[in-house]
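To keep things clear, I will list the structure first and then write my remarks on it.
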């Protein structure tokens, strides 16, 4: 460890923040908090809004529910606009909802770039377009989506974007990152939610002096610093391509086995995680065998999808060999569980994606 | 990394929580949040108190000021009972203040076990005695003090005790731990501070199922798990003794060099960090030379002590060889800065502590 109020840390902090701006495609401030992604979400809310404020959540899953819970915990007046799990938020429906708001009472619209619980990408560009017309703040949870597909913070006018260390940044959990546009800083001045730890103005005051407000998780800063060397060498376009390819490998492999994808629409299918809806087998039994006998951990369902789906993560440090292995193992385990599939068929479909065929 | 909603994590979480109870000397719940120590302090406040509540802060330094700031940020009515920096909170004065509160309006008394900024230990046992007579909740920031000297959470009736991963637990920053007594849980039921991330009831609900509310900083859990193996082998009494010995080495070494200790009273001198008040030399120049030429990082002053003191940390992974080296380096650098001291005199005094003389 090093002294986090010393000169070595100043250099690391500076380079890490510069790397974040690059990842976010922004000139806005990006600040880091010692927290999991949910702490970043809370930071976004308490720094830009006030109790009683009306906000709209375009809710497509479990993390949409989290926006609703955080906003309600702080006494905000939440319109919970729910879409079917497995589908993206429809920009037209969001636009209609905003048009109903003649008196411009809605102060912010909150949504996910990638909804981890269902494996669905929102069309952030289209959503931000309709929200900008209305004038509400655009607050995006990009914790699991950032770097897996394009996100242009400045070009799309995103006011607050939240990310976390443990996804495409490829390091352990424990850091939450939050960007603030000029409009967001103006909202900060008026925001009346109580705050100390999450106070982004206090944090910025320290960061401008090369420090952080409270003790930073130094080991994770070291990791993030190293991750940016890898990521920048690869370049944004290649990082996106890598994630898009892995997504296609998983989807084609799974479809070839006759399994049902929760996110049916290719255009909104997550570049971070794919959710699969089992037909005749128990997803929990599948996950247990995959873990115990093949050392491969698949995620289960969250919220109302608990026990109803399983999910294959394909972001960050996961690479194409692991995807081939995952589909190969999946074929074996499905057969073991009595759900007959042709061995190698899914793997072949994934290979064909790699061969561009 | 492992799946934090999987069976491997269940085992680690259970063992880590058990280790924390051992460290705290408590049967109370101890919960872990992904945060720095200040997040733990905020957790203590927002889960037991409500806006408008009167609280008393026994404030002996920069982290006492932090209690005041957090409480005020949440609209609490704070009595800021300030003691001179370098001194402990006088239990008699705290008792008098509480006696003035005839209508029992003070809901909680907040203070530090160890005030890092000045290197002073409070007499937690005596303070908790007088507070128990009054009936207010006892909320203790033990972030830098826990494990450096005795703290009997249950025997002394401490309602909320906050600690952090980066001090005597010997691992990097990023975890905040918070214990809750039965009285604290009753206060939680009535508390009206807004909360989601810090909501300790939600956290407990997850922990009872072997999970955490939000994504845990897994790498730090691994570290804490390993640290408990070392700490338990050593035993609480030996851990306290080790820290007491290092404290004496630093104090005797520094005194032998004719330097002034900020905490003059041996009984309240910190077992974690020692603050030294320079006479004829600049503490910042001393710190710079120590770091640049001797690779040894000393802390500076915080808050109103900035630029007026320097501090030698002697907790956690620091051992007696490093203390000997620190005093040896200090002697050289003082001479270089024109503050003549007899070479070896401080080292000899520290050695005599080890020889029990």
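Chains as they are written, first to last, in the working numbering: chain A, 178 to 534; chain B, 178 to 534. All C-beta atoms, glycine included, are put in the ideal place defined by N, C-alpha and C. Given the structure is predicted, the values throughout are model-derived calculations rather than measurements.
Handout entry: Nonlocal neighbours in the same chain, by C-beta distance under 6 Å from residue 262(B), ignoring five residues either side
Key = One-based indexing of the second chain puts residue 262(B) at position 85. The residues are 238, 295.
Handout entry: Assigned exposure category for residue 415(A) - 16 Cβ within 10 Å defines buried
Key = The count along the first chain starts at 1 and reaches residue 415(A) at position 238. Residue 415(A) is exposed by the Cβ-count criterion.
Exercise for the section: For residue 523(B), collect the residues of the same chain with a Cβ closer than 6 Å to its Cβ; drop the 5 residues on either side in sequence, then sort them by chain order. Expected result: Within the second chain, numbered from 1, the residue matching residue 523(B) stands at position 346. Only 430, 433, 434, 504, 508 meet the Cβ criterion.
Exercise for the section: With a cut-off of 8 Å on the beta carbons, I'd call residue 211(B) and residue 200(A) a contact; round off their distance for me. Expected result: Translated into positions along the second chain, residue 211(B) becomes position 34. Translated into positions along the first chain, residue 200(A) becomes position 23. The Cβ separation is near 21 Å, so there is no contact.
Practice task
With a 10 Å radius around its C-beta and 16 neighbouring C-beta atoms as the bar for buried, classify residue 226(B) as buried or exposed.
Solution key: Locating residue 226(B) in the second chain gives position 49, counting from the first residue. It is buried - the Cβ of residue 226(B) has at least 16 other Cβ atoms within 10 Å.
Problem - the ligand GTP heavy atom lying under 7 Å from the CB of residue 518(A) - result: What this structure holds is no ligand at all, so the ligand GTP is not there to describe.
Practice task
Name, going along the chain, the residues of the region 213-231 of chain B whose beta-carbon falls closer than 7 Å to a beta-carbon of chain A.
Solution key: 213, 214, 215, 216, 219
Handout entry: Between the CA atoms of residue 454(A) and residue 391(A) - distance to the nearest angstrom
Key = The residue labelled residue 391(A) in the question sits at position 214 within the first chain. The residue labelled residue 454(A) in the question sits at position 277 within the first chain. Distance from the CA of residue 391(A) to the CA of residue 454(A), rounded to the nearest whole angstrom, comes to 43 Å.
Problem - Buried versus exposed call for residue 426(B) [16 or more other C-beta atoms within 10 Å across all chains shown] - result: In the second chain, the residue the question calls residue 426(B) occupies position 249. When all chains shown are included, residue 426(B) counts as buried.
Problem - Minimum Cβ-Cβ distance from residue 295(B) to chain A less than 8 Å - result: Position 118 of the second chain holds residue 295(B). So no, residue 295(B) is outside the interface.
Practice task
Taking the CB atoms as reference points, tell me whether residue 207(B) and residue 355(B) lie closer together than 8 Å.
Solution key: Mapped onto the second chain, residue 207(B) falls at position 30. Mapped onto the second chain, residue 355(B) falls at position 178. Yes, Cβ-Cβ distance for residue 207(B) and residue 355(B) is below 8 Å.
Exercise for the section: May I have the straight-line CA-CA distance separating residue 188(B) from residue 352(B), to the nearest angstrom? Expected result: Stepping through the second chain from its first residue, residue 188(B) is reached at position 11. Stepping through the second chain from its first residue, residue 352(B) is reached at position 175. If I take the Cα positions, the gap works out to 18 Å.
Problem - Test: residue 350(B) CB closer than 8 Å to a CB of chain A - result: The count along the second chain starts at 1 and reaches residue 350(B) at position 173. It does; some Cβ of chain A falls within 8 Å.
Handout entry: Among 520(A), 361(A), 223(A), 502(A), nearest to residue 251(B) - alpha-carbon criterion
Key = Counted from its first residue, the second chain places residue 251(B) at position 74. The shortest C-alpha separation from residue 251(B) is found at 223(A).
Exercise for the section: Taking only the alpha-carbon atoms, compute the straight-line gap between residue 526(B) and residue 389(B) and give it to the nearest angstrom. Expected result: Along the second chain, read from residue 1 onward, the residue named residue 526(B) stands at position 349. Along the second chain, read from residue 1 onward, the residue named residue 389(B) stands at position 212. Approximately 48 Å, taken between the alpha carbons.
Exercise for the section: Note down, in chain order, each residue of its chain lying with its Cβ closer than 6 Å to the Cβ of residue 244(B), except the 5 sequence neighbours on either side. Expected result: The residue labelled residue 244(B) in the question sits at position 67 within the second chain. Taken in chain order, the residues that qualify are 234, 287.
Exercise for the section: On a CA-only basis, which of 382(B), 512(B), 323(B) is nearest residue 447(B)? Give me that one, please. Expected result: Counted from its first residue, the second chain places residue 447(B) at position 270. Of 382(B), 512(B), 323(B), the residue nearest in Cα terms is 323(B).
Exercise for the section: Kindly indicate which three-state DSSP category residue 490(B) falls into: helix, strand or coil? Expected result: In the second chain, residue 490(B) corresponds to position 313, counting from 1. Here residue 490(B) sits in strand by DSSP.
Problem - Minimum Cβ-Cβ distance from residue 460(A) to chain B less than 8 Å - result: Numbered from 1 along the first chain, position 283 holds the residue referred to as residue 460(A). Not one chain B Cβ lies under 8 Å of residue 460(A).
Problem - Contact with chain B by residue 211(A), beta-carbon distance below 8 Å - result: For the purposes of this step, residue 211(A) is taken as residue 34 along the first chain, with counting starting at 1. Chain B contact via Cβ: present.
Practice task
Indicate whether at least one CB of chain B lies closer than 8 Å to the CB of residue 396(A).
Solution key: Locating residue 396(A) in the first chain gives position 219, counting from the first residue. For residue 396(A), the answer is yes, since a Cβ of chain B falls inside 8 Å of its Cβ.
Exercise for the section: Output yes if chain B places a C-beta closer than 8 Å to the C-beta of residue 471(A); else output no. Expected result: Here residue 471(A) corresponds to residue number 294 of the first chain, with the count starting at 1. Chain B contact via Cβ: absent.
Practice task
Taking a Cβ distance cut-off of 7 Å, strictly less, list which residues of the region 248-274 of chain B are near chain A, in chain order.
Solution key: 250, 251, 252
Handout entry: Length at least 4, wholly inside the region 300-370 of chain B: the alpha helix (DSSP H) runs in chain order
Key = 301-311, 359-367
Practice task
Determine the DSSP secondary structure at residue 451(B), reduced to helix, strand or coil.
Solution key: Counting from 1 along the second chain, the entry for residue 451(B) is found at position 274. Correct three-state label for residue 451(B): strand.
Practice task
Check each candidate in 299(A), 308(A), 385(A) and name the one with the smallest Cα separation from residue 277(A).
Solution key: Position 100 of the first chain, counted from the first residue, corresponds to residue 277(A). Minimum Cα distance to residue 277(A) is reached at 308(A).
Exercise for the section: Kindly indicate if chain A contains any beta-carbon less than 8 Å away from that of residue 374(B). Expected result: Along the second chain, read from residue 1 onward, the residue named residue 374(B) stands at position 197. Yes, residue 374(B) lies at the interface with chain A (some Cβ there is under 8 Å from its Cβ).
Problem - Alpha carbon of residue 196(A) to alpha carbon of residue 437(A), nearest angstrom - result: Stepping through the first chain from its first residue, residue 196(A) is reached at position 19. Stepping through the first chain from its first residue, residue 437(A) is reached at position 260. Rounded to the nearest angstrom, the two C-alpha atoms are 38 Å apart.
Problem - Buried or exposed (CB count within 10 angstroms, at least 16 for buried), residue 410(B) - result: The residue you call residue 410(B) lines up with position 233 of the second chain. That one is exposed.
Handout entry: Beta-carbon proximity list for residue 530(A), same chain, < 6 Å, skipping 5 on both sides
Key = Taking the first chain and counting its residues from 1, one reaches residue 530(A) at position 353. 425, 426, 429, listed in sequence order.
Problem - residue 191(A) versus residue 401(A): straight-line alpha-carbon distance, rounded - result: Within the first chain, numbered from 1, the residue matching residue 191(A) stands at position 14. Within the first chain, numbered from 1, the residue matching residue 401(A) stands at position 224. Distance between the alpha carbons of residue 191(A) and residue 401(A) is about 12 Å.
Exercise for the section: For residue 288(A), name the three-state secondary structure that DSSP assigns. Expected result: Residue mapping note: residue 288(A) aligns to position 111 of the first chain, counting from 1. In the structure shown, residue 288(A) sits in a strand (DSSP, three-state: E or B).
Problem - residue 224(B) - DSSP class collapsed to helix/strand/coil - result: Within the second chain, residue 224(B) is the residue found at index 47, counting from 1. Helix.
Practice task
Give the secondary structure of residue 409(B) by DSSP, where H, G and I count as helix, E and B as strand, and everything else as coil.
Solution key: Here residue 409(B) is taken as the residue at index 232 of the second chain, counted from 1. Of the three classes helix, strand and coil, the one that applies to residue 409(B) here is helix, per DSSP.
Problem - chain A contact residues for residue 474(B), given Cβ-Cβ distances below 8 Å - result: The count along the second chain starts at 1 and reaches residue 474(B) at position 297. By Cβ distance, chain A contributes 179, 180, 183.
Exercise for the section: Kindly say whether residue 246(A), judged by its beta-carbon, lies nearer than 8 Å to any beta-carbon of chain B. Expected result: On the first chain, residue 246(A) is found 69 positions in, with the first residue counted as 1. It does; some Cβ of chain B falls within 8 Å.
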